[in-house]
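S.K.: Supplied in structure tokens, the structure appears directly below.
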Amino acid sequence: MKLKKILLGLACMSLMASCADLDYHEYTTYDKSYVFTDFGRTGAVVTNIYSYLDSDLPADGSLCSACDEAEYAWSWSSVLGYTDGRWSPTNAYSRWSFEGIRKANFYLEESKNADFSELKQDKNYEAEMKRFNRYQYEVRFLRAYFYFNLARAYGDVPLITKVMTEDEANQVTRTPVADVFDFIVKECDEIADELPVDYTKLENDAANGTNPETGRITKQAVLALKARTLLYWASPLFNASNDKNLWKQAAEANKAVIDFCAANGIQLGKYSEIWGTDNYKAKEMIYVRRVGDTDSPERTNFPMGMENGNSGNCPSQNLVDAYEMQATGKAWNEEGSGYDSSDPYRGRDPRLAMTIAVNGDKWPNTNPTPLELYVGGRNALPIAGATPTGYYLKKYLDGTIDISASTSSGGKRHSWVTYRLGEFYLNYAEAVFNYLGSSDATSAEFSMSAREAVNVVRNRSDVRMPDFPVEMSADEFVTKYRRERMVELAFEGHRFWDIRRWKDGDSQKNLVEMQITKNGDAYTYTRVMKSRYWNDKMYLFPIPDSEIRKNPNLSQNPGWNN
């Protein structure tokens, strides 16, 4: 069955009853004898675990507006609590969720000895058993993925790999984050070779070419999880001693992703192919989470001033400033960059125009007139809910969707990019730079330098940005690399976490907005600084107070007890 076709009764059920997120196991009426005697019901349990994969398509709680990528236009959004000082253990914007992990543990324990012997006479028995035997590796990946998301947010978290009794659940303690990362890496090593590269090429398998299971975990997704985990583990937040061996392991793992992709036809294509209805087909995709037909991102983020537009997540001037000048490869404020303050978007990195809508753009396709983002313009302040930054979002949105009241198209397919090749060139560059100590350095193990890896990403056919120069100082490379990463991975769920793993919180204290004034046929562009709250305790999330009250063994993260 295709991943998106879920047996609803099973997919929606709770396989364990609990009074706390880490609580104990009980069978529901759908017990083991019912679930694991039918291939369809068993598959639905696995599909339900897949449903806990995250997606941050631009909505009213997207993390892009909780960092310097964007600002949410409406004051009621909960995402503002990340940056206005309201964040606390009792107002925790919690990502403390073990639901997917609990269901994964249930599946792995209870499916161990299932052989579906009563179905052996079925003509598809052998093919179905091949798929069933692979489920355990998919579920182990999902559990490891869920643990990565917990560890990057909270650091030390309880590492639980079995179904718990009530007493055990009430006594769990936090496992050191290094042990959690180590668990993830070892799981990836053990399961990678058990999963296919391409489900359409399996033989005598229930997930064969005539019924491909789009969205299932592949070997390349496992390698990607390992590589990203090792990058985070090596980063300053989790590597206080700057252990070079961790950077080496991160470089090796990210190189392995690059090499594996090269050997299996996964390659960089056009930047414009990364989003849109068919982005899951793009050549560089390693794993995407297909969300289905919707117009919710468009209704949330299309400009005010057009019917049913709501502004939503408005790109910041901080992000716009990260886009270099295409002719020179220099930042806008570097001497000799070629920047023109009266025409600030001309000659910029082409990814700017693909990602962000600026004054005068015809966006979206259904908007009858070019955007007026100057004060008093059709799409600007002082209209309530208009962009506060002077920009609107394009990336991940489908400009052909009509959200006017007279239409009811139901939207189009959207897919959240979990892993794509471009990230791993950048991950490799960061890791090999920190291991070898120079942007130009190579070794017998690492024949591609950090600078060369970044240049691969910048040389896409529809980008063609100048190469990073040779012989940059360490500080120069770090500055340009972080700028490149902000641009390449904008609105893909990286920036919020990058700031934390780099321990670069000071960069979050000011958000820059652009105020545009029209003077006849000319425009004046004025930067407006907006203070945001930052405290270093925010490198890690607070454990919700409600969880600590249930289990005092769950000590609070530093700084959050006050």
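Throughout the sequence shown, residue numbering follows mature numbering (1 follows the signal peptide of the UniProt record, and there is no 0), covering -19 to -1, 1 to 543 in sequence.
Don't be surprised by glycine CBs; every beta carbon is placed ideally from N, CA and C.
1) Thinking just about the alpha-carbon of each residue, which of D479, G486, A422 and M285 is nearest to the one in A455?
2) Tell me whether G140 sits in a helix, a strand or coil according to DSSP, three-state version.
3) Please work out which residues of its chain come closer than 8 angstroms, Cβ to Cβ, to T368, disregarding the five sequence neighbours upstream and downstream, and give them in chain order.
4) Report the rounded CA-to-CA distance for N114 versus C45, giving the unit in angstroms.
5) According to the neighbour-count rule (16 or more other Cβ atoms, all chains shown, within 10 Å of its Cβ), is G501 buried or exposed?
6) Taking all protein chains shown into account, do 16 or more other C-beta atoms lie within 10 angstroms of the C-beta of E7, making it buried, or fewer, making it exposed?
7) Using 8 angstroms as the limit for Cβ to Cβ distance, is V438 near chain E?
8) Three or more C-beta pairs under 8 angstroms: does that hold for the stretch 252 to 265 against the stretch 434 to 448?
9) How far does the beta strand (DSSP E) with residue 544 in it extend, from its first residue to its last?
10) Could you pull the start and end residues of the beta strand (DSSP E) that Y506 belongs to?
11) First and last residue of the beta strand (DSSP E) that includes N500?
12) In the DSSP assignment, the beta strand (DSSP E) including A51 goes from what residue to what residue?
13) Between V438 and Y462, is the Cβ-Cβ spacing less than 8 angstroms?
14) Under DSSP, the beta strand (DSSP E) around Y268 begins and ends at which residues?
15) Nearest to N130 by alpha carbon, out of V158, E147 and V144?
16) Whose C-alpha, out of R271, T142, E494 and R133, is nearest the C-alpha of R124?
17) Closest by CA to Q537, which one among D330, P139 and F164?
18) Could you check whether A303 and V468 sit closer than 8 angstroms to each other, using their CB atoms as the reference points?
19) Can you say whether A221 is buried or exposed, counting buried as having 16 or more other CB atoms within 10 angstroms of its CB?
20) With distances taken from CA atoms, which of K13, V203 and Y268 is nearest F122?
21) What would DSSP say about A422, mapped onto helix, strand or coil?
22) Using the rule of at least 16 other Cβ atoms within 10 Å of the residue's Cβ for burial, across every protein chain shown, is S59 buried or exposed?
23) So who's on the other strand from W397, going by DSSP bridges?
24) Which residues in the same chain have their Cβ closer than 8 angstroms to the Cβ of T10, if we skip the five residues on either side of it in sequence?
25) How would you label N491, buried or exposed, when you count the other beta carbons within 10 angstroms and need 16 or more for buried?
26) Check whether the Cβ atoms of A25 and N105 lie closer than 8 angstroms to each other.
27) How is the beta strand (DSSP E) around C295 delimited, first residue to last?
28) Under 8 angstroms between the Cβ atoms of A471 and L300?
29) With a threshold of 8 angstroms, are at least 3 pairs of Cβ atoms found where one atom belongs to the stretch 471 to 488 and the other to the stretch 508 to 527?
30) Exposed or buried, what is K262 when buried is set at 16 or more other beta-carbons lying within 10 Å of its beta-carbon?
31) Using a threshold of 8 angstroms, state whether the C-beta atoms of R197 and E119 are closer than that.
32) Could you name the residues of the same chain whose beta carbon sits closer than 6 angstroms to that of K229, not counting the 5 residues immediately before and after it, in chain order?
M.R.: Let me lay it out:
1) Position 474 of the sequence shown holds residue 455. That would be A422, whose Cα lies nearest to the Cα of A455.
2) Along the sequence shown, read from residue 1 onward, the residue named residue 140 stands at position 159. Rather than Gly, the amino acid found at residue 140 in this sequence is Leu. In the structure shown, L140 sits in coil (DSSP, three-state: anything other than H, G, I, E or B).
3) Counting from 1 along the sequence shown, the entry for residue 368 is found at position 387. Around T368: A54, P284, M285, S292, C295, L354, N360, A361 and L362.
4) Taking the first residue of the sequence shown as position 1, residue 114 is located at position 133. Taking the first residue of the sequence shown as position 1, residue 45 is located at position 64. Taking the straight line from one Cα to the other gives about 39 angstroms.
5) Position 520 of the sequence shown holds residue 501. Result: exposed.
6) Walking along the sequence shown from the start, residue 7 turns up at place 26. Residue confidence is low: E7 scores 41 on pLDDT, short of 50, so the model does not pin down where it sits. No coordinate-derived value is stated.
7) Protein chains in the displayed structure number just one, and chain E is not present.
8) yes
9) A question about residue 544 goes unanswered here, because the residues of the chain that appear run from -19 up to 543.
10) As a working mapping, residue 506 is identified with position 525 in the sequence shown. Run containing Y506: A503 to S512, per the beta strand (DSSP E) assignment.
11) Position 519 of the sequence shown holds residue 500. N491 to N500 is the extent of the beta strand (DSSP E) around N500.
12) Taking the sequence shown and counting its residues from 1, one reaches residue 51 at position 70. A51 to Y53 is the extent of the beta strand (DSSP E) around A51.
13) Reading the sequence shown from its first residue, position 457 is the one you call residue 438. Reading the sequence shown from its first residue, position 481 is the one you call residue 462. Contact flag unset, no.
14) The residue given as residue 268 occupies position 287 in the sequence shown. Here the beta strand (DSSP E) through Y268 covers M266 to T275.
15) Position 149 of the sequence shown, counted from the start, is the residue given in the question as residue 130. Nearest of V158, E147 and V144 to N130, Cα basis: V158.
16) Looking up residue 124 in the sequence shown gives position 143. It is T142 whose Cα lies nearest to the Cα of R124.
17) Your numbering for residue 537 matches position 556 in the sequence shown. Of the listed residues, the one whose Cα sits closest to Q537 is P139.
18) As a working mapping, residue 468 is identified with position 487 in the sequence shown. As a working mapping, residue 303 is identified with position 322 in the sequence shown. Contact: yes.
19) Looking up residue 221 in the sequence shown gives position 240. It is exposed - the Cβ of A221 has fewer than 16 other Cβ atoms within 10 Å.
20) As a first step, residue 122 is located in the sequence shown; it is residue number 141 there, counting from the start. The candidate whose alpha carbon is nearest that of F122 is V203.
21) Numbered from its first residue, the sequence shown carries residue 422 at position 441. DSSP places A422 in coil when its eight states are reduced to three.
22) Numbered from 1 along the sequence shown, position 78 holds the residue referred to as residue 59. The residue in question, S59, is exposed, as its Cβ has fewer than 16 Cβ neighbours within 10 Å.
23) Your numbering for residue 397 matches position 416 in the sequence shown. In DSSP, W397 forms a bridge with R270.
24) Working through the sequence shown from its first residue, we reach residue 10 at position 29. Note that T10 scores a pLDDT of 39, beneath 50, so its modelled location is shaky; the value from the coordinates is reported in the next line. Result list for T10: empty, nothing under 8 angstroms.
25) The residue labelled residue 491 in the question sits at position 510 within the sequence shown. Exposed: under 16 other Cβ atoms inside 10 Å.
26) Position 44 of the sequence shown, counted from the start, is the residue given in the question as residue 25. Position 124 of the sequence shown, counted from the start, is the residue given in the question as residue 105. Cβ atoms of A25 and N105: not closer than 8 angstroms.
27) Against the sequence shown, residue 295 aligns to sequence position 314. Unbroken beta strand (DSSP E) run through C295: N294 to P296.
28) Within the sequence shown, numbered from 1, the residue matching residue 471 stands at position 490. Within the sequence shown, numbered from 1, the residue matching residue 300 stands at position 319. Contact flag set, yes.
29) yes
30) Within the sequence shown, the letter at position 281 stands for residue 262. With fewer than 16 other Cβ atoms within 10 Å, it is exposed.
31) Along the sequence shown, read from residue 1 onward, the residue named residue 197 stands at position 216. Along the sequence shown, read from residue 1 onward, the residue named residue 119 stands at position 138. Yes.
32) Locating residue 229 in the sequence shown gives position 248, where the first residue counts as 1. Cβ within range, chain order: Y416.
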